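Asks: Submitted below is the structure of interest, expressed as structure tokens.
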Amino acid sequence: MTVHFETLHPATLYTDVFGVPAPDAPMGRELWPRQPGLFVHRAQGEAAASEPVLERRIGQFGLVPRWVKSASDAKLRSPKLVNARSETVTTSNNLREAWLAGQRCIVPMQAFFEEDWRSGKAVSTRIARVDG
58 MTVHFETLHP ATLYTDVFGV PAPDAPMGRE LWPRQPGLFV HRAQGEAAAS
108 EPVLERRIGQ FGLVPRWVKS ASDAKLRSPK LVNARSETVT TSNNLREAWL
158 AGQRCIVPMQ AFFEEDWRSG KAVSTRIARV DG
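By the count of our numbering, the sequence shown reaches residue 189 at its end, each step adding exactly one.
In structure tokens:
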């Protein structure tokens, strides 16, 4: 389960790849749950457009379900809700409403990290495209 990834660098890639402005301030190189990060999503009111307009937003990495009432409970739950499985997204109480409402985004990343357990211990392994 990926919970750690490397943000896009150089920042000009946001404009080159997604057509959204580069961040105003430099973001951290690596992103973990509960940290602010840049996300790209379809602009409001653009659901029927043939060429969707994308916009950049800053948000917290990790889902906080709508039914969570307190900030302390949200801090406990958000690191655990960072991935959705296609088999259970429509039946999960945590994800169903967001999925059915079409709340999706693109998480721009240079690489992500997975734990490699072949040695018997968790070794963080960076996974990236060969061409960068």
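The C-beta atom is built at its ideal place from N, Cα and C for all residues, glycine as well. Since the structure is predicted, the reported quantities are computational estimates derived from the model, not experimental observations.
Taking only the alpha-carbon atoms, compute the straight-line gap between ALA100 and VAL110 and give it to the nearest angstrom.
Replies: When rounded, the distance between both Cα atoms is 6 Å.
Asks: Which residues share a DSSP beta bridge with PRO83?
Replies: According to DSSP, PRO83 bridges with nothing at all.
Asks: Scan the region 135-177 and note each continuous alpha helix (DSSP H) run of 4 residues or more that stays entirely inside, going in chain order.
Replies: 153-157
Asks: With a threshold of 16 other CB atoms inside 10 Å of the CB of GLY119, please say whether the residue is buried or exposed.
Replies: Only buried fits GLY119, as 16 or more other CB atoms lie within 10 angstroms of its CB.
Asks: Can you tell me where the beta strand (DSSP E) with GLN117 in it begins and where it stops?
Replies: 111-117 is the span of the beta strand (DSSP E), which, as asked, contains GLN117.
Asks: Could you tell me the distance, in whole angstroms, from the CA atom of ASP130 to the CA atom of ILE115?
Replies: CA-to-CA, the gap between ASP130 and ILE115 works out to about 22 Å.
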